[in-house]
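Worksheet: the structure to be examined is printed underneath.
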Amino acid sequence: MQTVTLNNGVEMPVLGFGVYQIPPEQTEQAVTDALAAGYRLLDTAAAYRNEEAVGRAIKSSGIAREDLFVTTKLWVQDPGEDNTKRAFDASLRRLGLDHLDLYLMHQPFGDVYSQWRAMQDLHREGRVKAIGVSNFHPDRLVDLVDHNEVTPAVNQIETHPFFQRTADQAIMRERGVQIESWGPFAEGRNNLFAHPLLSEVAGAHGRSVPQVVLRWLVQRGVVVIPKSVRPDRMAQNLDVFGFELTDDQMARIATLDTGGSLFFDHRDPAMVGRLGRLRVSD
Ligand SMILES: NC(=O)c1ccc[n+]([C@@H]2O[C@H](COP(=O)([O-])OP(=O)(O)OC[C@H]3O[C@@H](n4cnc5c(N)ncnc54)[C@H](OP(=O)(O)O)[C@@H]3O)[C@@H](O)[C@H]2O)c1
Numbered sequence: 002m003q004t005v006t007l008n009n010g011v012e013m014p015v016l017g018f019g020v021y022q023i024p025p026e027q028t029e030q031a032v033t034d035a036l037a038a039g040y041r042l043l044d045t046a047a048a049y050r051n052e053e054a055v056g057r058a059i060k061s062s063g064i065a066r067e068d069l070f071v072t073t074k075l076w077v078q079d080p081g082e083d084n085t086k087r088a089f090d091a092s093l094r095r096l097g098l099d100h101l102d103l104y105l106m107h108q109p110f111g112d113v114y115s116q117w118r119a120m121q122d123l124h125r126e127g128r129v130k131a132i133g134v135s136n137f138h139p140d141r142l143v144d145l146v147d148h149n150e151v152t153p154a155v156n157q158i159e160t161h162p163f164f165q166r167t168a169d170q171a172i173m174r175e176r177g178v179q180i181e182s183w184g185p186f187a188e189g190r191n192n193l194f195a196h197p198l199l200s201e202v203a204g205a206h207g208r209s210v211p212q213v214v215l216r217w218l219v220q221r222g223v224v225v226i227p228k229s230v231r232p233d234r235m236a237q238n239l240d241v242f243g244f245e246l247t248d249d250q251m252a253r254i255a256t257l258d259t260g261g262s263l264f265f266d267h268r269d270p271a272m273v274g275r276l277g278r279l280r281v282s283d
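All the letters of the sequence shown, read from the start, carry residue numbers 2 to 283 under the numbering used here.
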């Protein structure tokens, strides 16, 4: 598997498996299938409520811990450094692991600075190999970078053909922050899987639309974590390294950018309020 080198030297696979919206009772099987297909990066979150099932699949896979790259995320609740460390401990316990590869602050809301200080401590103590953020727009990211010791290794943000984030990616690159896409297929919105332009490019390579989308992201230097509960799709989504899009195809896909979210804007006050009040654990 191709990797990217994060700003602290840690190697991260460029393609992994996301488990958002997989119900806990289906997650163990899905992760077992994904590991069998060859995925080694797993992306979960306390808010997905399926960390325990991810942990069971890791354990029963027999794959050596050092061959896996496990990411989970801190939810916005319970301010303060101690609570952040408690949330980290609880995630590790649910996953059945003694360290994480990547711990992300899930949202740019709440007591962000104390959360980041606690995450810096966890990193310093070697309990997590890299720390990062998610859903940070460039202004918030630069603020966090400029006023803290550790620069986030990763910013996981909505990135797909209809919201391409090229300007954001350039700012992140300047600051040494790796972009990671969530929702690489926009969860199928805007008819992505049957989109005429994407279908035409796919046809030219004898590939599928999802393969073209993942290839386009990887070719841009974006880490991807597609989700599927179907083993045939898991295998297909992993098989994107045997072809290359031309400059012309890259440029044509660039025209699909709408410059906005297909889900919600993390700057929308109503959403900031709603997510900030959401509790995912007691
Ligand atoms: N940080 C954040 O705030 C945040 C937010 C959202 C997501 N994420 C992360 O990013 C990961 C990926 O994003 P996502 O799950 O929202 O959406 P996604 O990967 O863009 O899309 C998943 C959807 O595409 C379908 N699909 C997958 N492969 C396919 C294929 N080859 N052909 C046709 N359909 C296919 C899946 O259906 P089936 O399962 O039925 O195959 C599912 O409905 C998540 O799982 C999560 O780890 C993070």
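Glycine is no exception: its CB is placed at the ideal position from the N, C-alpha and C atoms.
Under the assumption that Gln-108 contacts Val-77 (Cβ atoms under 8 angstroms), give the Cβ distance between them as a whole number of angstroms. 5 angstroms
Span separating the alpha-carbon of Gln-116 from that of Leu-7: 21 angstroms
Which residues DSSP lists as bridging Tyr-104, in chain order: Thr-73, Ile-132
Can you list, in chain order, the residues of its chain whose CB lies under 7 angstroms from that of Lys-60, leaving out five sequence neighbours each side? Gly-97
Since Leu-42 and Ile-226 are thought to touch, with beta carbons under 8 angstroms apart, how far apart are those beta carbons, to the nearest angstrom? 7 angstroms
Measure the alpha-carbon distance for Gly-207 versus Arg-253 and round it to whole angstroms. 18 angstroms
Does the beta-carbon of Pro-211 have 16 or more other beta-carbons within 10 angstroms, so that it is buried, or is it exposed? By the 10 Å Cβ count, Pro-211 comes out buried.
Tell me whether Thr-85 sits in a helix, a strand or coil according to DSSP, three-state version. In this structure, Thr-85 counts as helix in the three-state DSSP scheme.
Gly-39: beta carbon under 7 angstroms from a heavy atom of ligand 1? no
Looking only at C-alpha atoms, which of Gly-177, Val-129, Ala-54 sits nearest to Leu-142? Gly-177
What's the C-alpha gap between Val-71 and Met-106? 14 angstroms
With 16 as the cutoff for other CB atoms within 10 Å, does Leu-16 come out buried or exposed? Flag for Leu-16 reads buried.
Can you look up Asp-144 in the DSSP assignment and give me helix, strand or coil? helix
Got a sec: does ligand 1 put a non-hydrogen atom nearer than 7 angstroms to the Cβ of Lys-228? yes
Apart from the five residues on each side of it in sequence, which residues of its chain come closer than 8 angstroms, Cβ to Cβ, to Asn-51? Val-20, Ile-23, Pro-24, Pro-25, Thr-28, Thr-45
Under the assumption that Ile-132 contacts Ala-154 (Cβ atoms under 8 angstroms), give the Cβ distance between them as a whole number of angstroms. The beta-carbon distance between Ile-132 and Ala-154, rounded to whole angstroms, is 6 angstroms. This is short enough to meet the 8 angstroms contact definition.
Can you give me the Cβ contacts of Phe-244 inside the same chain, cut-off strictly under 7 angstroms, excluding the 5 residues immediately before and after it? His-206, Arg-208, Arg-216
Less than 8 angstroms between the beta carbons of Arg-128 and His-148, yes or no? no
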